[in-house]
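Those protein sequence lines, which keep their order, are chains V and H. Heads up: the first sequence begins at -18 in this note's numbering, then just goes up one per residue. Heads up: the second sequence begins at -18 in this note's numbering, then just goes up one per residue.
Protein chains: 2
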Amino acid sequence: MTTQSATAETLRNPSDAVDQILDQWRKERPDLDLSAMGVFGRLGQLSLILTPALEGVFAQHGLRRGEFDVLAALRRSGPPYTLIPSALAKTLMLSRAGMTNRLDRLEADGLVERRLDPTDRRSLHVALTGRGHTVVDAAVTDHVANESRLLSALTPDERETLDHALRTLLRAIE
Amino acid sequence: MTTQSATAETLRNPSDAVDQILDQWRKERPDLDLSAMGVFGRLGQLSLILTPALEGVFAQHGLRRGEFDVLAALRRSGPPYTLIPSALAKTLMLSRAGMTNRLDRLEADGLVERRLDPTDRRSLHVALTGRGHTVVDAAVTDHVANESRLLSALTPDERETLDHALRTLLRAIE
DNA sequence: CTCGAATAGTACGACAGCTAACTATCAGCC
DNA sequence: GGCTGATAGTTAGCTGTCGTACTATTCGAG
């Protein structure tokens, strides 16, 4: 199943879809250094699988993930639950044009409102409405429960190791 | 900086952007169980940061990431470097309509060609052209080098731990 | 052998993101 | 005080993906 270059890792654990891809590459391009591809392959797979797994919960509250992200950023910023669009775009790693678009949708749904900034007429404050506050509080409650459910198959030790490893990687690349 | 609920983990390591988000939530919604949010937050951050970090290499070969993925799937499948669109869509987790679109672009660029399947007139074979073969071989060489570079700040032990943890998570959720 | 169900690929319309260009406003330097 | 450059937000056009509907073909139960 695995090639002759199987590591101790692949012997301890069953081969997964990423391992099969690595085996294909080893056979076709034995000259390549594939030492890093496993990590990136698994990260990509996880992203593809987790996206719909998380999206479903947001949809139950009438939200897309991007919209939830905006509401959540406002909610966790604390009273008065306002941020300026540029700050939102920066923390959510979105273009400002994209943020204009999201805010248009959220405002049309009555979840946020734009208020003029009295001290800077270029800018404005995006504020959670009462309804936005209610919706995001309900959504985030379900969201964290969903996240916990997705990790429920891992032991506390495995979670700790995973979190530590992800933290290490994040610190290394940013 | 961190709240009273800081764990041993946060004491051993400097606080990052995800920790700050967790601290905000702890303060605003102390009722929530945030034990899983750190892992998902870091996975999301990694995805956002790594996407452009990988895209740059593909762009040097005139490719988008999605296009590279198709060429790579064909290349690593081995001779005769042929797959049917449905199989490509499934392994790349893309809708068949999206695959039609990608193949249109790749065919217009002369990197793949569609061949009729003599045994099933509903279907066809997508084949790497000579140029496609050359382009993807060059691109994947640079790509794996780029991946190795991105992980170069990690020790071999840290890489092994990370890969093992990701493998565990992938097995748990899929 | 035939007819309904399943499968393969595509066309079409909707949608959310991006870049670039634009308007308006602020900040700093002389 | 009045330019110059930076910043805030929006608009317009492009792109890649998706869901849905459609045609053509194959499979399978009877």
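All C-beta atoms, glycine included, are put in the ideal place defined by N, C-alpha and C.
* Contact set for G113 (chain H): own chain, Cβ-Cβ below 7 Å, skip 5 residues either direction -> The residues are L52, L92, V93.
* Asked: Taking the alpha-carbon positions, what's the G79 (chain H) to L31 (chain V) distance?
  -> Straight-line Cα distance between these residues: approximately 20 Å.
* What residue from H:S129, H:G111, H:P137 has the CA that sits closest to Y62 (chain H)'s CA? -> H:G111 is the residue among H:S129, H:G111, H:P137 whose C-alpha sits nearest the C-alpha of Y62 (chain H).
* Secondary structure at T122 (chain H), three-state DSSP: helix, strand or coil? -> Three-state DSSP puts T122 (chain H) in a helix.
* To do: Check distances from the C-beta atoms of the segment 126 to 150 of chain V to those of chain H and list, in chain order, the residues that come in under 8 Å.
  => Listed by position, the residues of the segment 126 to 150 of chain V near chain H (Cβ gap below 8 Å) are A126, E128, S129, L131, L132, A134, L135, E139, R140, E141, T142, L143, D144, H145, A146, L147, R148, T149, L150.
* For N74 (chain V), return the contacting residues in chain H, with the cut-off set at a CB-CB distance below 9 Å. => Note that residue 74 (chain V) is Met in the sequence shown here, rather than Asn. Going along chain H in sequence order, the residues near M74 (chain V) (Cβ under 9 Å) are Q26, L29, I30.
* Asked: Near S104 (chain V), what residues of its chain come up, given a Cβ to Cβ distance below 7 Å and the 5 sequence neighbours on each side ignored?
  -> Same-chain partners within the cutoff: I65, D98.
* Through-space distance from V125 (chain V) to A119 (chain H), alpha-carbon basis -> Distance between the alpha carbons of A119 (chain H) and V125 (chain V) is about 43 Å.
* Compute the beta-carbon to beta-carbon distance between R23 (chain V) and V38 (chain V), rounded to the nearest angstrom, for a pair I have assumed lies under 8 Å. => Rounded, the Cβ-Cβ distance is 23 Å, inconsistent with contact.
* Asked: When DSSP builds the beta bridges, which residues end up paired with H106 (chain V)?
  -> H106 (chain V) has V:R96 as its beta-bridge partners, per DSSP.
* Asked: Does DSSP put T149 (chain V) in a helix, a strand or coil?
  -> Three-state DSSP puts T149 (chain V) in a helix.
* Kindly say whether I154 (chain V), judged by its beta-carbon, lies nearer than 9 Å to any beta-carbon of chain H. => Closer than 9 Å to some Cβ of chain H, the Cβ of I154 (chain V) qualifies, so yes.
* Using 10 angstroms around the beta-carbon of L132 (chain V), count the other beta-carbons present and answer buried if the total reaches 16, otherwise exposed. => Label assigned to L132 (chain V): buried.
* Kindly indicate which three-state DSSP category E(-10) (chain V) falls into: helix, strand or coil? => Here E(-10) (chain V) scores only 49 on pLDDT, less than 50, and its place in the model should not be relied on; the value that follows carries that caveat. Note: E(-10) (chain V) maps to helix in three-state DSSP.
* Asked: Exposed or buried, R45 (chain V), counting other C-beta atoms within 10 Å across all chains shown (16 or more means buried)?
  -> Under a 10 Å Cβ-count criterion, R45 (chain V) is classified as exposed, with fewer than 16 other Cβ atoms of the shown protein chains found around its own Cβ.
* **Where Q41 (chain H) falls, given that 16 or more other Cβ within 10 Å makes a residue buried** => Counting C-beta atoms within 10 angstroms of its own C-beta, Q41 (chain H) has fewer than 16 neighbours from the protein chains shown and is therefore classed as exposed.
* Of all the CB atoms in chain H, is at least one closer than 9 Å to the CB of E(-10) (chain V)? -> Bear in mind that the predicted position of E(-10) (chain V) carries a pLDDT of just 49, short of 50, making it unreliable; the figure below should be weighed with that in mind. Interface residue, yes.
* Measuring only between beta-carbons, confirm whether R57 (chain V) sits less than 9 Å from chain H. => Interface residue, yes.
* To do: Have a look at D144 (chain V) and L143 (chain H) and give me their C-alpha separation to the nearest angstrom.
  => Per the coordinates, the alpha-carbon of D144 (chain V) lies some 9 Å from the alpha-carbon of L143 (chain H).
* Please list the partners that M18 (chain V) has in chain H, where partner means a Cβ-to-Cβ separation under 8 Å. => Within 8 Å Cβ-Cβ: V125, E128.
* Measure the CB-CB distance between Q26 (chain H) and R57 (chain V) and report whether it falls below 9 Å. => Between Q26 (chain H) and R57 (chain V), the C-beta spacing is not below 9 Å.
* To do: Taking I2 (chain V) as the query, report the chain H residues whose CB atoms sit under 7 Å from its CB, ordered along the chain.
  => By Cβ distance, chain H contributes R57.
* Neighbour-count burial assignment, L75 (chain V), 16 or more Cβ in a 10 Å radius -> So L75 (chain V) ends up on the buried side.
* Name the chain V residues that come within less than 9 Å of E94 (chain H), Cβ to Cβ? -> Residues of chain V passing the Cβ test: none, with the nearest at roughly 20 Å.
* To do: Flag D144 (chain H) as yes when its Cβ comes closer than 8 Å to any non-hydrogen atom of the ligand FMN, and as no otherwise.
  => The ligand FMN is absent from the structure shown, which contains no ligands of any kind.
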